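A quick write-up on the structure given underneath.
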Amino acid sequence: LFAKNPVCILSPEGEIGPFWVKGELVRSDVRDGEPGIPIIMDGQFIDIETCEPIKDLYWDVWNCNSTGVYSGVQSSMNGNGDDDSNLDKTFLRGLQKTDADGVAQFQSMFPGHYSGRATHVHVVAHVGATQLQNNTLTGGHVAHIGQLFFDQDLVYKVEATYPYNTNNVSITTNADDHVVQDETEDSASDPFFEYAFLGNALEDGIYAWITLGVNVSASYDTSYAATLTSSGGVSNSNSNPGDAVNF
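Per UniProt numbering, the very first residue in the sequence shown carries number 1; after that it's consecutive.
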């Protein structure tokens, strides 16, 4: 599926947003029983300095659910801000290690939407990290932060299905999204997934794939809203995601 000679273009850095959670688990199936349209996501990571696939990179993924809510955080800007049990939830979050072809794969659910943002998936790329016995990461550095998007026609088709269509918040289109603009205005890189349907009906699921060019020598700071511990989620007292608008 991925080209033997992939395009070697640096993927622009995007916003991490206020809802990244440290300490999520290495796992390929992040659905956790969430309703919606199933999606299999493949990401291929290419070293822009060598144009070769990056093996053993960890793709840290997260997105909101079908009604626009993120797991793992408690915020007035994220569903019921009084629901502290959401801190312990992990739906649609996880990490996967790339193989020899630089590819990592997730089984997830197509993201919904919330106010002010186009439908998107977050990506943080960890390089040089070590997987511990408890399936979390230690060490290494973050070489890429970004957001990935979907064709607007596909978004509209998904949003017409249940439970996406129970969300009364107006949809922000890709054309009106500031992160789409930031990631595309000065770059030939394409932050949009290619996709195919897995069956005759949309509800059968979607297969989506994308190639990202990463400078493995780069290192970026990450801000986080919470940490997932063995006892559950713990909010970062220095973070105030409820006041953030770019997530």
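Heads up, the beta-carbon is just placed ideally off N, CA and C, and yes, glycines get one too.
Note that the structure is a prediction, hence the values are computed from the model and not measured.
{"Asked": "Residues of its chain near S217, where Cβ-Cβ distance is below 8 angstroms and the 5 sequence neighbours each way are ignored", "Found": "E49, A143"}
{"Asked": "L92, buried or exposed, once every other Cβ within 10 Å from all chains shown has been counted against 16", "Found": "buried"}
{"Asked": "Beta-carbon separation (whole angstroms), N167 vs H120, contact threshold 8 angstroms", "Found": "In fact, because the Cβ distance is near 15 angstroms, the residues do not count as touching under 8 angstroms."}
{"Asked": "8 angstroms contact criterion, which residue 271 and P38 should meet: CB distance rounded", "Found": "In the structure as shown, the chain starts at 1 and stops at 247, and residue 271 therefore has no counterpart that could be examined."}
{"Asked": "S223 beta carbon less than 8 angstroms from that of I16", "Found": "yes"}
{"Asked": "Length of the line joining the Cα atoms of L202 and S108", "Found": "15 angstroms"}
{"Asked": "Beta-carbon spacing of G155, G140 below 8 angstroms", "Found": "Note that residue 155 is Val in the sequence shown here, rather than Gly. Result no, Cβ atoms of V155 and G140 do not sit closer than 8 angstroms."}
{"Asked": "Whether W59 touches A225 by CB criterion (8 angstroms)", "Found": "no"}
{"Asked": "Beta bridge counterpart(s) of Y220 as assigned by DSSP", "Found": "Paired residue(s): none; Y220 is not in a bridge."}
{"Asked": "F197 beta carbon near the ligand ADP (any heavy atom closer than 7 angstroms)", "Found": "Ligands in the displayed structure: none, and consequently the ligand ADP is not present."}
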